[in-house]
Amino acid sequence: MSSTSQAKAKKRRQKQVATSSKEVKEKVSFNEYYKLEDVEEQLNSGALIKGTIRINPKSCKTAYVTNEDRNSQDYIINSIVDRNRALEGDVVVLKLKSESEWVDNQKSASVVYILEKVHPRISIGTLNIMYDKRQKMAALQPRDKRVPRIVLDQTSLPPAYFKNPAEHEDILFLAKITEWEHPKYAKGTIIERVGVKDDLKNETRALLLEHQLDVTPFPPSVYKYLPESSAIPESEFSYREDLRKECIFTIDPLTARDLDDAISCKTLPNGNLEVGVHIADVSFFLNEETELDEIVSKKGTTIYLVDNVYHMLPVELCSHCSLLPGKDCLTFSVFFEMTEDGEILNHRFARTIINSCCQLAYEHAQKMIDNQHDFDVADMPDIHNGFNARDICDIVNKLRRVSSNLRQKRIDGGALRIDQIKILFRLGKTGEPLEFFKYENIEAHRLIEELMLLANITVARKLLNDYPKIAFLRCHEPPNPRLLRETQEILENVGIHVDVKSSAGLHTSLQNYCTSDYLGVARNAVLNHLFAKPMTRARYICAALEDSFEHYALAVDTYTHFTSPIRRYADVMVHRLLASSLGYSAHPEWETEYVRAIAANCNKQKYNAKKAGEASSDLFLAYYIEQNQPFIQDAVVIDVRKQSFHVLVLGTGTIVRMYLNNLGKDVKHQAEEVSKKLWRIMIEYADNTKQVIEMFQLVKVHLKRKGNTFNLEGQLIQPDT
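The sequence shown begins at 1 in full-length UniProt numbering and counts up by one.
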């Protein structure tokens, strides 16, 4: 470490010690929780409010609980004391404060009870020293600002820590809160040394721990539940439809190994089409009430990070179920008789046996779509079972026409799609990012998407009809109307008129402003970002416990997940219900509480895995940018305030806040309020070049990693004169 770095580290430790000493001396305390019987009584009477707490990730003193009146603002909790030891995601009980304590007419409240501690009370961070008059103490400084500093049990510290604390200041540790009495700090213990920070493998391990994702390998005891042979049992041929001579194939990402779904299409004697969607029959191999099923149900989902995939199922079972070409596979199939314009005449379900003739990548299918009569056969993967590239090409293009019509009917029915920028990475041999590129949604993707949506919708309706109490569904509630209106009003002030009364109106409005020129692409990115915020999170539900099953974005009355059982436990639940409804297995003896609990865990695991995937992308992007300076990107302004503005970086999808005081000492700036929540900034550079910063303005920014975080900060680049 250089002398400059050592001096900075010493100064940082001194500041931490001074702050820590002051915090230890403070005598503020939390209020005692209400008694449970009083809580239940007052919840029933309406005197108290129940909800899930959300803490501002940048300011732990502010937290929110959603108001059941969706036209009203959320309840706000204005201090750590009022939050009363609740952490992110906990189910809490609130008591409203008097109106005189409300902030800008927003109802203020305090936590009086925690019904469910959803947060695991663990955190990743680094160590620093705290002092009081009696002794020297060590604390974990969490990376997550929503978690309090944790004063650590000294028996859990590294050996001889106090003799040389600097030796450990770049090490990440995982600590667990064991006690929390003081608002400024909790007490706890170290449970794992994660490793040196800034190392990609250690940081990946840290983000998995932070997002409560268990990637512990399966114990040897579960392998007795796996198939002993790859051969299909003879008994299965007696009742399954044998489709091994049909032209059935998969279309997946180029590097995919878990192939859940295959498709087929043939012309019937009456001239109509029979379209088949064939899904790996995982539930046949994953039996209920086994040790393996218990572990898989807790995992809930496969986790996709930039540098690794952590499978929900044992890898051996993934491979066994995967619909690889040239291999006999057990499947669950949905068949649709339809016309070429996508009019569905009837459908049926069956357990089947298939042998996929080809493993297409999306790129292969797209070549067949783009050049139906002139694609390069040499570029195609191996084809089995006596079929050829022309056979597959004909089916791909029939399905393209069908899927295009299905998609248009969905849109006409009110379907909405909010797309945000997603990036992918190419990694080097040692795992470092060599380059990144934007994910492009091509027609081949949309072909598969439409067929999977159709299968999911059809299965959902079947389950709800046959099992109205325990149907395992996926719903998406309409967006927050207040946030929608606020976004609409802001856009009105810049000349963009959006109909937010329905998903159909919103989709049409967004399409009106979506043009193929560069400014149109930037405008579309901003609009998609703005309207993603009011959207609710789709969730799995037990039908008996909900009043509505609608899926807002898809504009359908009922929906579920059926098509990805290798990577989602929700789909396994759906397969079990479908098998029972078709008489393949006994009626499930499931209580609604069991289905609710499984749905809740699937929701939690899916969300945590999604956030971990995003954090992994942020980690690798920050690493790449740090190694590839200067990193200059085009961006578009999405929000302007008095002292700062936010931009959306078009190449990465990153949102970066730009501060006016970082423009430089010779740069003048002036902000004016155009309307409520809408500002415009005039900038004048030293050479008299002028620049206006307003919503939808294109700018160039120089991006850097922000300190020792994996966030980014930006410097505005002066426009060319």
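No residue lacks a Cβ here, since even glycine has one placed at the ideal position from N, Cα and C. Fair warning: this is a prediction, and the values are worked out from it, not measured in the lab.
Check, Outcome
"Reduced DSSP category for residue 240 - H, G, I as helix; E, B as strand; rest coil", "coil"
"Counted within 10 angstroms of its Cβ, other Cβ atoms place residue 87 as buried (16 or more) or exposed", "buried"
"Candidates 678, 688, 648 and 649, of which the one nearest residue 667 by Cα", "688"
"Distance, residue 690 Cα to residue 682 Cα", "7 angstroms"
"Nearest neighbour of residue 367, chosen from 333, 458, 396 and 161 [CA to CA]", "396"
"DSSP-derived helix/strand/coil call for residue 695", "coil"
"Exposed unless 16 or more other CB atoms sit within 10 angstroms - verdict on residue 283", "buried"
"Three-state secondary structure assigned by DSSP to residue 549", "coil"
"Residue 234 to residue 392 span [Cα, whole Å]", "30 angstroms"
"Euclidean distance between Cα positions of residue 37 and residue 30", "20 angstroms"
"Local conformation of residue 165 per DSSP, three classes", "helix"
"Start-end ranges of the alpha helix (DSSP H) lying completely within the stretch 70-139, minimum 4 residues", "80-83"
"The stretch 402-417 in contact with the stretch 591-602 per 3-pair CB rule at 8 angstroms", "no"
"Whole-angstrom C-beta distance between residue 415 and residue 507, which should lie under 8 angstroms", "7 angstroms"
"DSSP state of residue 174 mapped onto helix, strand, coil", "strand"
"Alpha-carbon spacing of residue 505 relative to residue 264, whole angstroms", "34 angstroms"
"Residue from 145, 164 and 187 whose Cα sits closest to the Cα of residue 153", "187"
"Proximity below 8 angstroms, CB of residue 93 to CB of residue 115", "yes"
"Span separating the alpha-carbon of residue 236 from that of residue 353", "8 angstroms"
"Proximity of residue 348 and residue 240 at Cβ, strictly below 8 angstroms", "no"
"Nearest-angstrom Cα separation, counted from residue 34 out to residue 44", "15 angstroms"
"Boundaries of the beta strand (DSSP E) in which residue 675 is found, first to last residue", "668-675"
"Cβ contact (3+ pairs, closer than 8 angstroms) linking the stretch 555-568 and the stretch 278-295", "yes"
"Residue 203 classed as buried or exposed, judged by whether at least 16 other C-beta atoms fall within 10 angstroms", "buried"
"DSSP state of residue 147 mapped onto helix, strand, coil", "coil"
"Minimum C-alpha distance to residue 259 - residue among 229, 305 and 315", "315"
"Sequence-distant residues of its chain with Cβ nearer than 7 angstroms to residue 189 (five each side left out)", "152, 153, 156, 175, 176 and 178"
"Minimum C-alpha distance to residue 434 - residue among 455, 138 and 622", "622"
"Rounded separation between residue 607 and residue 205 - CA only", "18 angstroms"
"Continuous alpha helix (DSSP H) stretch holding residue 481: start and end", "481-492"
"C-beta atoms of residue 671 and residue 704 nearer than 8 angstroms", "no"
"Exposed unless 16 or more other CB atoms sit within 10 angstroms - verdict on residue 534", "buried"
"Residues of its chain near residue 209, where Cβ-Cβ distance is below 8 angstroms and the 5 sequence neighbours each way are ignored", "122, 124, 174, 192 and 194"
"Residue 455 burial status per 10 Å Cβ neighbour count (16 or more: buried)", "buried"
"Residues near residue 304 by beta carbon distance below 7 angstroms, same chain, minus five either side", "613"
"Inter-stretch contact (C-beta, 8 angstroms, three-pair minimum) for the stretch 482-494 and the stretch 460-468", "no"
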